[in-house]
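Peer 1: This structure is in structure tokens; I'll ask about it shortly.
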Amino acid sequence: MEKSMQEIEHHHDEMNIVCERPSTLLDARMHYCPGCGHGVAHRILMEAVEELGIQEQTIGVAPVGCSVFAYLYMNVDMQEAAHGRATAVATGIKRCFPDKYVYTYQGDGDLAAIGTGETVHTVNRGENILIVFINNAIYGMTGGQMAPTTLIHQKTSTTPYGREASFMGNPLKITELLAQLPGAFYVTRQAVNTPVNVRRAKKALLNGLKYQKLNKGTCLVEIVSNCPTNWGMKPVQANEWLVENMLPYYPLGDMKVPSKEDIENA
Amino acid sequence: MEKSMQEIEHHHDEMNIVCERPSTLLDARMHYCPGCGHGVAHRILMEAVEELGIQEQTIGVAPVGCSVFAYLYMNVDMQEAAHGRATAVATGIKRCFPDKYVYTYQGDGDLAAIGTGETVHTVNRGENILIVFINNAIYGMTGGQMAPTTLIHQKTSTTPYGREASFMGNPLKITELLAQLPGAFYVTRQAVNTPVNVRRAKKALLNGLKYQKLNKGTCLVEIVSNCPTNWGMKPVQANEWLVENMLPYYPLGDMKVPSKEDIENA
Amino acid sequence: MLEEVIFAGFGGQGVLSMGQVLAYAGMIENREVCWMPSYGPEMRGGTANCIVTVSSEEISSPIIGRFDTVVALNQPSLDKFEHSVKPGGTLIYDSTNIIDPPKRTDIDVVPIPASEEAVKLKNTKIMNMIVLGAFLAKRNAVKIETVLEALRKVLPERHHHLIPLNEQALQRGGELAKSEMPVA
Amino acid sequence: MLEEVIFAGFGGQGVLSMGQVLAYAGMIENREVCWMPSYGPEMRGGTANCIVTVSSEEISSPIIGRFDTVVALNQPSLDKFEHSVKPGGTLIYDSTNIIDPPKRTDIDVVPIPASEEAVKLKNTKIMNMIVLGAFLAKRNAVKIETVLEALRKVLPERHHHLIPLNEQALQRGGELAKSEMPVA
Amino acid sequence: MAKVRGDISIDIENCKGCELCVVACPQNAMALAKDINKQGYHYAVLVEDVCTGCTNCSLVCPDAVITVYREDKKTGEKVPVAEVRNVTGDIRITVGAEEEAEG
Amino acid sequence: MAKVRGDISIDIENCKGCELCVVACPQNAMALAKDINKQGYHYAVLVEDVCTGCTNCSLVCPDAVITVYREDKKTGEKVPVAEVRNVTGDIRITVGAEEEAEG
Amino acid sequence: MGELRLMKGNEAMAEAAIRAGMDAYFGYPITPQSEVLEYLTREAYNRTQCTVLQAESEIASINMVYGAAGAGARVWTSSSSPGISLMQEGLSYIAGAELPCLIANINRGGPGLGTIQPSQGDYFQSVKGGGHGDYRLIVLAPATVQEMADFVQDGWDLADKYRNPVLILADGALGQMMEKVELRDQIERGTRATPSWATTGKTADRDRNFVTSLFIKPEEMEQVNLRLQEKYKLIEANEIRVQEMETEDADFVIVAYGLSARIGHKVMEIMRAEGIKVGLIRPITLWPYPYATVAKAADHVKGFLSLELNAGQMVEDVRLAVNGRCPVGHYGRMGGIIPSPEEVVEVIKDMYSKIQ
Amino acid sequence: MGELRLMKGNEAMAEAAIRAGMDAYFGYPITPQSEVLEYLTREAYNRTQCTVLQAESEIASINMVYGAAGAGARVWTSSSSPGISLMQEGLSYIAGAELPCLIANINRGGPGLGTIQPSQGDYFQSVKGGGHGDYRLIVLAPATVQEMADFVQDGWDLADKYRNPVLILADGALGQMMEKVELRDQIERGTRATPSWATTGKTADRDRNFVTSLFIKPEEMEQVNLRLQEKYKLIEANEIRVQEMETEDADFVIVAYGLSARIGHKVMEIMRAEGIKVGLIRPITLWPYPYATVAKAADHVKGFLSLELNAGQMVEDVRLAVNGRCPVGHYGRMGGIIPSPEEVVEVIKDMYSKIQ
Ligand SMILES: Cc1ncc(C[n+]2csc(CCOP(=O)(O)OP(=O)(O)O)c2C)c(N)n1
Ligand SMILES: Cc1ncc(C[n+]2csc(CCOP(=O)(O)OP(=O)(O)O)c2C)c(N)n1
Ligand code: SF4
Ligand code: SF4
Ligand code: SF4
Ligand code: SF4
Ligand code: SF4
Ligand code: SF4
Ligand SMILES: [Mg+2]
Ligand SMILES: [Mg+2]
């Protein structure tokens, strides 16, 4: 069954590559746990940058969270922001360099807990940036504590008996809130658990990036993701849990889309 | 035309007092500028405390803003919080002493700018407190800078040419946002510019306080108010401006009211 | 030359701006100048004062405990700062609203019925300029023409029609200062 | 008495827990004990080690540069810590996966084919207990019975059925340690 | 026109002359005084004997300085036109410019 | 059943054996290997020669280690069942437990 | 004798807090101290019905602590370096309003996001004042897991005694390592007297209470500051804690706190064994600082080494104490690297040879 | 000669920033420095099309500064004490990521909400590190409105030279008082070279740039720390600024910065006039601190007084410099009270009489 490398290479020469690691994604082994959605999100975001041909004009902002090392994988200029402050950092960049494409990549703890103020005001000001929001209903990096988006009855290391609404409040649907701000231009919720969802999520990221040219406001792409490690599940099982538990509460789909006239000069 | 004090006192002895400074409001001259809505809001809040007979169980939290000295006027135990953190302070109190009536009194800068994160999460957790939110579309205390609620084209000392949405975003309707959180129990917008509005606002404050007994979530009473000094107007003119400019953007009325069954054991 | 003066009164009496005009004039005359305000704790109203230093040398402290001249526009200011005049210095005050006149004899005490005079000039806002005129006449810190030049620079164009009135007030203050006999 | 030992290996080999069991046993025997972990920079996987001190006296530093005993469960750990054994001290290692055996001659070198033995015991997770058994046999830090008592206290009730297996492993480790001839 | 006869008393030393009561009074019964109080404000006074005790003025007063009275059913005494309370100095009371009070 | 003939290559040393590709493959063409790579993971391999080049596996792969190929119209060469790339050691390639791969 | 357990420092703190009758804890996860919140969410409510709340941020945490402390509760929070930096405004407010409470900083390597490994890089921030204005935290530096536990109740008692916030400053290693710890008995909640100044609701028999740090009039503010300084002097007079080891006959003294002191102790053992008379001074309170103890030793020793996991911070306090009477050196590793005793021995030998 | 104006310190800073070619300012209102943002919103965009943004908080401000600086912009923020406390995490990140930028603290009286009156209570926070970890801000302490203006451009130049944040520390009085100021000429925006490390977009000819303060491996983190310490040594060697006045023949030296130094100057004038040989050392950089200058003076003077608007902070640095060679006293007023020169004269006479 084995083949030599040459044989394989030769064979592939005659075939068309239809799907490959984008050149905007560095050829480094990512530190994410097996099956973690961060990896897919990274890849499709970088594919979008590549497809738009904007690598030279793109500046990314990494959060504090499992994706803190995003700059080790994404082959664009990047800044590592303090926990929760990614959109403030992005605002600083974008206001000085309005012609650049600026995005943040943030977890639910980063964006919706400690960073709530920055998030709300960035969107309210309608900063022309893309916010990529990875909602895995948990604090991955620090070992599985409750996130604002943790589901009711979900067990985490700080809700060992399950989250209770009466005590810890309900999971925060921050994306729905943000969509209502006039500063929000394009807001959508996606996932990366199936091939078709990955395709859709990538389309959303493409839009989110290219709309920046219009200067019409903030684009926000939420990606409902998993954390097999801290959910205490195998990746396949985690994605099943995601479908059964997260998607009903965080339904996928667009929340705010630009009108035709908004984008006709895109 | 003059009368001696005795004469007057005597005369009044025979009449019924129908409206008087409540005993929960200390007999101190308030530092507010002439015509400032803070004064009215203070009085009706204290009237509500008096009418409910809960002075002994009430703990207030003052913000940083013109009402920073609220504890010099309100005759209840109070804490002065750091700028923006009043609801966190109130959470600390209420979680330790769930039987007390706890309220915060905050300006728009305090609640909706620096304190956005605390505000959103306090309401999302459904803390059983009353938030009194004085929206005067400006930073009163520091001398008239733009607030998150400053109207489009409104001139302030930091928007000397008027607020532009494209640059500073739109006025933030934070109350509308908060009303949508499941943790919010009772949310309403009131004003104190006319006698009838004062009556309604007081009713709202009464509700906001007494609902705390139900332990069903956060009550939020926004009061659209004025700042004659920093708006650069006489008080009467300021209240006219309020009606013409603020109320269309911040329409008065209830945003979330408890259902009948919610309050039947109130 | 060195002139260290404090202007003190209620907020709204134009205390801070008379100090600014003096400092500005000093600058025009190529002096070193310093204007240091001190507001009362109240956000609005309350007391206000400013210390102005005009000097031919580098100015050391903008905060001073003893003054060449004290200008007091109300009773509390007079009470507070009378003792801070250097021996041989000058104490100018608006005598209109003063019940307790100063008692010191080792200084040049100059009562100016400024508020009264302002009413005569049909503009109560001009009171501070009358006092400033008295100061200029007494202390020779800067020339009256320079003050007028300063006013022209400081005032926005649309208020330039007020300059003649200000000049009149400065002049009147000067006359009053010279006519008053020193108490000492 | 004083025993300063480092347990080193990959994450997942049970390095940290064998240290904890030893520390717990020390505590039962009324010793002073200290367990100090050091995780590799990687969040998951990577290297792991812990230093355990068991002493009849107050323990000074939980961080130590030279050890009475080094227990190395893989090649990198062996390479890293071989030189840290005090002269006359003991170096125990899992010889199953070692390519480069230790070279020092001034210490007691104890190769234990622990992984191999674990396979024989039909439970690869028990490898660390075999090594711990060897350690106990060699160093007399605590009694093997105390370790078993510690296990009973540390393991949740539902895992108590594993205690006999653990005992077997400890015993086997002891036998292996005694049968091996010191290299030196 | 007013059904109930009322009266108010104003703590004029703490009044800040904001005039909100004046515009709130449905009877146009109030005005600002020409004179100032110790704080320097033209304080509010009752200038027309038409108070109904409706409490409007008191409701909008930011400084909580207006007390409103309503006639006791049993008596029926006439209401004074300008209330003075807590006046410690010798301040003269003058009713505000008539033209304005009328408007 | 597959319309287009495809192929994939997997950078097995960087595969983390998460199995997401395996469940995503509509052809059930993939499985995890019994052996582990240097990272210690049972890496994914193509076990059935039925790949259509649909890219599903590649789309869901968090580690971006799958390259998908589609047959060139002109040739029509058969597709290899297990792709090996970047293998620097002498790791043996074994196809994952058949029973599981079938399910 | 209390119950004995083998515990991690972080867990020992949490357990000790429950037993010390804690009313509330507010905190936000951060490595290497998340075990505190995790332990408390598991254990605390079930046992004493106290409050344990995961806040949305460290800023919220510290202000929740402010509110609870102001209302008279026994309350605390914990975090690690970046989170503690975010609390600086809140700490200044708490100190200004004189609220008794406890904060634990399980120090990791900085600056910035830095590393999650142990460090003592936050010494200056802790003892000189990371927040604005003239204020002091009482800073306790445990060196054992036992002290991690003990200083919780001790800290609260000190906080109550002086109406002053107390900070436990421990590096990440102390949080993660396990030692034997003897736990104190459970103090029943509610047995501690509610402070008379607390905002518990204004009853008819007293004026309202208010908690504030605002004194807009400079004269008043100065009086408040002077009162605070008086209090600080009192604390300096009464509450200095320090451990001296073999300093009487020492020719050379190591000054070190926390984990570094443990290393220093070992260094001393090694060097004494070699016949070099080394002593150790371990400040237990970093503020108030045991200047007098160091100064006294300076009368007869030939040199000092301040041993720290940082670039040289406490060494300034040692210098201030020694005041020029003999050389004061510093040795430190940074970024999570912990020096071995052997390495420090070499440093001292080198310094010592130059002194002589 | 540049344009002369009579300006408030706050406005002079703002005007100087525009002229120094500022690309962006992010700030949040707080007394007594709101004039900075107000002036800039009025003036800046119209003149140079630079960015002036009112942020939603000080935390947002400092992180916007981080982003802009990381992308290569000439950027700054300003605030006053409580707002600066909130920035401590951000400052530690900026220092850790080595981003050049400028921060102005117009110090008011603390702790807590305190008062809006002038103070020097934030000395420790500024020079020892209010944030976590071992890092340093270059701290400039202007004493005149002219310096308030000049230090803006100077600060940025220093920041660029060393990739280090620079803090202007001035008390509220310097922000509010007016003096004559000579303004420098307008530097055209965009003439300053964009730093090669900045995140300006990865072009094909270089690897991507990234800005971070995260170094999870202790070995790496230690190297970063060592590199930072090297840089700090270089700054200490090159950038100390200090003004000495009549110290050569002085018997007694006042050490003071900012407004206190102005008062100290007057004190010196008064006392020299009385025949007492008083000198003045005015540290202009508070970090790096002019230890050597103070130490040199200690060779011949009989005593020092550290004159500060606080409870005694810089006095520790004076003591460290003097190292026990002669008495060092401290005099300070707090909470917004400013001592008069005459009052300080009495203090010195008293101290002086005890020394002799
Ligand atoms: C100020 C501060 N507080 C806390 C932390 C610790 N911390 C690091 S990541 C994180 C949360 C990570 O969760 P999330 O944002 O959901 O990202 P994920 O890891 O799940 O992708 C926290 C609390 C920190 N680094 N800084
Ligand atoms: C941390 C901090 N930042 C800024 C300030 C300055 N400050 C005091 S009050 C205030 C805003 C006041 O506005 P608002 O909350 O709307 O209250 P208002 O005065 O209008 O009632 C600000 C910015 C402060 N005290 N603390
Ligand atoms: S901890 Fe969770 S979120 Fe983080 S890399 Fe692992 S699986 Fe992904
Ligand atoms: S400044 Fe405005 S809000 Fe503040 S007291 Fe005056 S009028 Fe009221
Ligand atoms: S109560 Fe007031 S508002 Fe009503 S009629 Fe009398 S004076 Fe007018
Ligand atoms: S509303 Fe009150 S404060 Fe205003 S004028 Fe009337 S009485 Fe005076
Ligand atoms: S491309 Fe991947 S998913 Fe699609 S058939 Fe081939 S192996 Fe299966
Ligand atoms: S999805 Fe990728 S990482 Fe996961 S098993 Fe398949 S090839 Fe390996
Ligand atoms: Mg998450
Ligand atoms: Mg406001």
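Residue numbers (the working numbering), protein chains in the order written: chain B, 25 to 290; chain Y, 25 to 290; chain R, 13 to 196; chain Z, 13 to 196; chain L, 247 to 349; chain A, 247 to 349; chain F, 5 to 360; chain U, 5 to 360. A virtual CB, placed ideally from N, CA and C, is assigned to each residue, including glycine. As the structure is a computational prediction, the values presented were derived from the model and not from experiment.
(1) Does any heavy atom of ligand 9 sit closer than 7 Å to the C-beta of ILE162 (chain B)?
(2) Between the Cα of LEU196 (chain B) and those of F:GLU60, F:ILE352, F:GLY31, spot the shortest distance and give me the residue it belongs to.
(3) Cβ atoms of MET91 (chain U) and PHE30 (chain U): under 8 Å apart, would you say?
(4) Can you give, in chain order, each stretch of the beta strand (DSSP E) that sits fully within the segment 245–279 of chain B and has at least 3 residues?
(5) On the three-state DSSP scale, how would you describe GLU303 (chain L)?
(6) Cβ of ASN194 (chain Y) less than 8 Å from any chain B Cβ?
(7) Using C-beta distances below 7 Å, list every residue in its chain close to MET257 (chain B), excluding the 5 sequence neighbours before and after it, in chain order.
(8) At a cut-off of 7 Å, is MET270 (chain B) close to ligand 3 when judged by its beta-carbon and the heavy atoms of the ligand?
(9) Could you check what DSSP says for PHE121 (chain Y) in three-state terms: helix, strand or coil?
(10) Just mark GLN58 (chain F) as buried or exposed, buried being the case when its beta carbon has 16 or more other beta carbons within 10 Å.
(11) Is the beta carbon of MET279 (chain B) sitting closer than 8 Å to the one on VAL211 (chain B)?
(12) So, for THR198 (chain U): in the same chain, excluding its five sequence neighbours on each side, which residues have a beta-carbon less than 8 Å away from its beta-carbon?
(13) Check whether the Cβ of HIS269 (chain F) lies closer than 8 Å to any Cβ atom in chain Z.
(14) Taking buried to mean at least 16 other C-beta atoms within 10 Å of its own C-beta, is ILE34 (chain U) buried or exposed?
(15) Against chain L, does GLY63 (chain Y) count as a neighbour if the rule is that its beta carbon must be under 8 Å from one of theirs?
(16) Would the C-beta of GLY263 (chain A) count as close to ligand 8, meaning under 7 Å from any of its heavy atoms?
(17) For GLU288 (chain B), name the three-state secondary structure that DSSP assigns.
(18) Relative to chain B, which residues along the segment 35–54 of chain F have a C-beta separation below 7 Å, given in chain order?
(19) Is the distance from the Cβ of THR242 (chain Y) to the Cβ of THR146 (chain Y) below 8 Å?
(20) Is THR48 (chain Y) near ligand 1, in the sense that its beta carbon is under 7 Å from a heavy atom of that ligand?
(21) LYS137 (chain Z): which of Z:ASP112, Z:LEU182, Z:VAL97, Z:LYS155 sits nearest, CA to CA?
(22) Buried or exposed for LEU397 (chain U), going by 16 or more other Cβ atoms inside 10 Å?
(23) Please report how far the alpha carbon of LEU162 (chain F) lies from the alpha carbon of VAL170 (chain F), in whole angstroms.
(24) Mind reading off the beta-carbon distance from GLY101 (chain Z) to GLY145 (chain Z)? Whole number of angstroms is fine, and I expect it under 8 Å.
(25) Using only the alpha-carbon positions, how far apart do ALA86 (chain Y) and ALA105 (chain Y) sit?
(26) How many angstroms separate the CA atom of ASN40 (chain B) from the CA atom of ILE254 (chain A)?
Peer 2: Walking through what the data contain:
(1) Against the first sequence, residue 162 (chain B) aligns to sequence position 138. Because some heavy atom of ligand 9 lies under 7 Å away, the Cβ of ILE162 (chain B) counts as near it: yes.
(2) What you label residue 196 (chain B) is simply residue 172 of the first sequence in a count that begins at 1. When each option's Cα is compared against that of LEU196 (chain B), the closest is F:GLU60.
(3) Residue numbering aside, residue 30 (chain U) sits at position 26 when the eighth sequence is read from its first letter. Residue numbering aside, residue 91 (chain U) sits at position 87 when the eighth sequence is read from its first letter. Not a contact, by the Cβ cut-off of 8 Å.
(4) Counting only runs of 3 or more, we get nothing.
(5) By 1-based counting over the fifth sequence, the position of residue 303 (chain L) is 57. The amino acid at residue 303 (chain L) is misidentified as Glu; the sequence shows Cys. Looking at CYS303 (chain L) - three-state DSSP - the assignment turns out to be helix.
(6) The residue given as residue 194 (chain Y) occupies position 170 in the second sequence. Chain B contact via Cβ: present.
(7) Sequence index remark: in the first sequence, residue 257 (chain B) carries index 233 (1-based). The residues TRP265, in chain order, have a CB closer than 7 Å to that of MET257 (chain B) in the same chain once the five nearest residues on each side in sequence are set aside.
(8) Along the first sequence, read from residue 1 onward, the residue named residue 270 (chain B) stands at position 246. Checking the Cβ of MET270 (chain B) against ligand 3 gives no.
(9) As a working note, residue 121 (chain Y) is residue 97 in the second sequence. Coil at PHE121 (chain Y), not helix or strand.
(10) Counting from one through the seventh sequence, the residue named residue 58 (chain F) turns up at place 54. Taking all protein chains in view, the Cβ of GLN58 (chain F) is crowded by 16 or more other Cβ atoms within 10 Å, so the residue is classified as buried.
(11) Reading the first sequence from its first residue, position 255 is the one you call residue 279 (chain B). Reading the first sequence from its first residue, position 187 is the one you call residue 211 (chain B). Yes; because the gap between Cβ atoms is below 8 Å, this pair is in contact.
(12) Looking up residue 198 (chain U) in the eighth sequence gives position 194. The residues are GLY76, THR204.
(13) In the seventh sequence, the residue the question calls residue 269 (chain F) occupies position 265. Interface residue, yes.
(14) Taking the eighth sequence and counting its residues from 1, the one referred to as residue 34 (chain U) is at position 30. Under this definition ILE34 (chain U) is a buried residue.
(15) Translated into positions along the second sequence, residue 63 (chain Y) becomes position 39. Interface residue, yes.
(16) For the purposes of this step, residue 263 (chain A) is taken as residue 17 along the sixth sequence, with counting starting at 1. Answer for GLY263 (chain A): yes, Cβ within range of ligand 8.
(17) Within the first sequence, residue 288 (chain B) is the residue found at index 264, counting from 1. Of the three classes helix, strand and coil, the one that applies to GLU288 (chain B) here is coil, per DSSP.
(18) So the close ones are THR35, SER38, LEU41, GLU42, THR45, ARG46.
(19) Taking the second sequence and counting its residues from 1, one reaches residue 242 (chain Y) at position 218. Taking the second sequence and counting its residues from 1, one reaches residue 146 (chain Y) at position 122. Yes; because the gap between Cβ atoms is below 8 Å, this pair is in contact.
(20) Working through the second sequence from its first residue, we reach residue 48 (chain Y) at position 24. For ligand 1, not one heavy atom lies less than 7 Å from the Cβ of THR48 (chain Y).
(21) Here residue 137 (chain Z) refers to the residue found at position 125 of the fourth sequence. If we check each option's Cα against that of LYS137 (chain Z), Z:LEU182 comes out closest.
(22) In the structure displayed, chain U extends from 5 to 360; residue 397 (chain U) sits before or after that span and is not available.
(23) Stepping through the seventh sequence from its first residue, residue 162 (chain F) is reached at position 158. Stepping through the seventh sequence from its first residue, residue 170 (chain F) is reached at position 166. Approximately 7 Å, taken between the alpha carbons.
(24) The sequence position of residue 101 (chain Z) within the fourth sequence is 89, counting from 1. The sequence position of residue 145 (chain Z) within the fourth sequence is 133, counting from 1. Not quite, the Cβ-Cβ distance comes to about 19 Å (not below 8 Å), so this is no contact.
(25) On the second sequence, residue 86 (chain Y) is found 62 positions in, with the first residue counted as 1. On the second sequence, residue 105 (chain Y) is found 81 positions in, with the first residue counted as 1. The straight-line gap from Cα to Cα measures roughly 6 Å.
(26) Counted from its first residue, the first sequence places residue 40 (chain B) at position 16. Counted from its first residue, the sixth sequence places residue 254 (chain A) at position 8. When rounded, the distance between both Cα atoms is 11 Å.
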